[in-house]
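full-length UniProt numbering applies: residue 251 is where the sequence shown begins, and numbers increase by one.
A virtual CB, placed ideally from N, CA and C, is assigned to each residue, including glycine.
Let me begin by presenting the structure, written as C-alpha cells, before commenting on it.
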Amino acid sequence: AAKNSGRNRFAWFDLSMERELQARNELEVGLRNAIPRQEIVPYFEQQIDLTTGRLSGFEVLARWEHATRGLIVPDTFIPIAEETGMIADLSLSLMRQAFLAAKDWDAALSLSVNISPSQLRDAWLAQKIIKVLTETGFPASRLEIEITETALFDNLPLAQSIVGSLKNQGIRLALDDFGTGYSSLAHLRALPFDRIKIDKSFIMSMTENTESAAIVTAITRLGDSLNLPITAEGIEDIAVEERLRGLGCGKGQGYLYGRPTSIANTRRLLAERRLLQNAASEAGEPDE
Ligand code: C2E
Ligand code: MG
Ligand code: MG
Ligand code: MG
C-alpha cells in the first residue's frame, strides 16, 4: 500500500507539473505572436512633481491585451520574454508605440521605460533605441530608462558602454526598485544613474512601519549626498505623500494619482488638462 500511495503521489506531482508547463508553453507561443501583432501595449502611470503637484510625465508599463484572457500583467509574461530572448523585440515594440503616442503630448512631459538587465548584453541596444526615437520623432531628452537592480551585471564593461551611448544622446538613467536587490549600493557606482526610485514596498508601509520609514529617510538623504533626485513609487494616500514631501523627495507615483491606463485614456486625461500640443484639434475629435 505504501508503495502504491508513493507512486500515486508521484503521478499527482507529475500531472501538476505537466499542467504548469503546458500553461507556460501556451503563454510562450501566444507571446511570440502577440508581439508582432502589437497585443503588448503600453499603459501609462502618472509621475508627479511633489513640490509643485504637477504632472511631470509617465512610466510606461507593458500590458498584454489577450484576445480571450483579457488584460495580462507584466509579472506573468516579462519573465517568459526574458527567458526566451523575446524581451528585446517586446521592449522595442513597446517603446515605438509609446513614443508615437507621446510625441504630441506637452513637451514638458517625460517618459520612463523599463528595460531588463538582459537587454544590457546586446551591444546594439543603444543604437536600436536611438533608431526608434529617430523614426518616431520622440526627443531623447524626454526619455528616461529604468533599470531594476537584480544581480550585478555579468558583463559590466558592455553595460557601461551601452549606457554611455544612451547618455551621450541625452537619455537619462534611473535605478528602479532601489533597496530590494542584491548589493544596492554597489549598483549606484556601477552605472552613471541620474535618479533613484525607492521601491514601493518601503513606501506603502512607511506610515505603519518604523523600519520602512527609516529606510525611506536614509535613501532620500543618500540621494541628497550623491546629488541624485528621488522618485517614490507606490504612493496610495495623502499621509504618505506629505511625509515624502517633508523629506524633500522630488517625484512620486502611485494609485493616489491614478492607475496605469491605456493610450486612449491618457490622451483624454491630457486633453482635459490641456496638455496636448494639438489641443485645439482635440475638441472636435470623436471618441477614440
Ligand atoms: P516597476 O517598474 O517597479 O513598476 C511599478 C509597478 O508598481 C507597476 O506594476 C505599477 O502598476 C505598480 N504600482 C504603481 N503604483 C502603485 C501603487 O500605488 N500601489 C500598488 N500596489 N502598485 C503600484 P506593473 O505594471 O504590474 O509592473 C510590474 C513590473 O513589471 C514593473 O515594476 C517592471 O519591473 C516590469 N515591467 C513592466 N513593463 C515592463 C517592460 O516594458 N519591460 C520590462 N523589462 N519590465 C517591465
Ligand atoms: Mg519601473
Ligand atoms: Mg522594475
Ligand atoms: Mg519599481
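Between which residues of its own chain and N405 is the CB-CB distance below 7 Å, once the five residues before and five after are set aside? R371
Considering only residues of the same chain and omitting the five flanking positions on each side of I469, which have a CB-CB separation below 8 Å? F428, G429, I446, I448, F452, I480
Suppose contacts are defined by Cβ-Cβ distances below 8 Å. Is L526 in contact with D354 by that definition? yes
Go through its chain and collect everything with a Cβ distance to E315's Cβ below 7 Å, but skip five positions before and after it. E289, V291, L321
Starting from R292, follow the beta strand (DSSP E) in both directions and report where the run begins and ends. Note that residue 292 is Pro in the sequence shown, not Arg. Here the beta strand (DSSP E) through P292 covers 290-299.
Mind checking whether the beta-carbon of S341 lies closer than 7 Å to any heavy atom of ligand 6? Here the bound small molecules are ligand 1, ligand 2, ligand 3 and ligand 4; ligand 6 is not part of this structure.
Taking Cβ to Cβ, would you say P329 is nearer than 8 Å to A312? Not closer than 8 Å, so no.
State the beta-bridge partners of G307 as determined by DSSP. Answer is Q297, S360.
Please list the terminal residues of the continuous beta strand (DSSP E) segment that includes G502. 501-503
Cutoff 8 Å; reference D474; Cβ partners in own chain excluding five residues on either side: G498
Using a Cβ-Cβ cutoff of less than 7 Å, which residues in the same chain neighbour A533 once the five nearest sequence positions on both sides are dropped? Since pLDDT at A533 reaches only 47, below the 50 mark, its modelled position is unreliable, and the value read off the structure follows with that caveat. Cβ neighbours of A533 beyond the five flanking positions: none.
Candidates L300, I397, V466, L425: which alpha carbon is nearest S368's? I397
Whose C-alpha, out of M456, I421, G431, is nearest the C-alpha of S360? I421
Pairwise C-alpha distance: V279 and A331: 11 Å
Beta-carbon proximity of F443 to L494, cut-off 8 Å: no
By a C-beta neighbour count over all protein chains shown, 10 Å radius and 16 as the cutoff for buried, is T384 buried or exposed? exposed
Put A482 into one of helix, strand or coil per three-state DSSP. strand
Can you list, in chain order, every residue whose CB sits closer than 6 Å to a heavy atom of ligand 2? E309, N364, E396, D426
Please tell me whether, using a cut-off of 7 Å, the distance from the CB of E483 to the nearest non-hydrogen atom of ligand 4 is below it. yes
Check: L526 C-beta below 7 Å from any heavy atom of ligand 1: no
Is it buried or exposed, E538, if we count other Cβ atoms within 10 angstroms and call 16 or more buried? Confidence at E538 is low in this model, with a pLDDT of 45, below 50, so the placement of that residue is unreliable and no value is reported for it.
CA-to-CA distance, E399 to G431, given in whole angstroms: 5 Å
Taking Cβ positions, are V490 and T467 nearer each other than 8 Å? V490 places its beta carbon 8 Å or farther from that of T467.
Considering only residues of the same chain and omitting the five flanking positions on each side of E492, which have a CB-CB separation below 8 Å? Listed in chain order, the non-local C-beta contacts of E492 below 8 Å within the same chain number zero, local neighbours out to five positions each way being set aside.
Rounded to whole angstroms, what's the CA-CA distance from M336 to G496? Just pull it up for me. 42 Å
Starting from T326, trace the alpha helix (DSSP H) both ways and give me its first and last residue. Per DSSP, T326 belongs to the alpha helix (DSSP H) from 324-333.
Range covered by the beta strand (DSSP E) that runs through A424: 422-428
Strand pairing of T511, partner residues [DSSP]: F294
Just the Cα atoms here: how many angstroms apart are S306 and E483? 14 Å
Mind listing, in chain order, the continuous alpha helix (DSSP H) runs of no fewer than 4 residues lying wholly within the stretch 363-404? Here the runs fully enclosed are 375-386.
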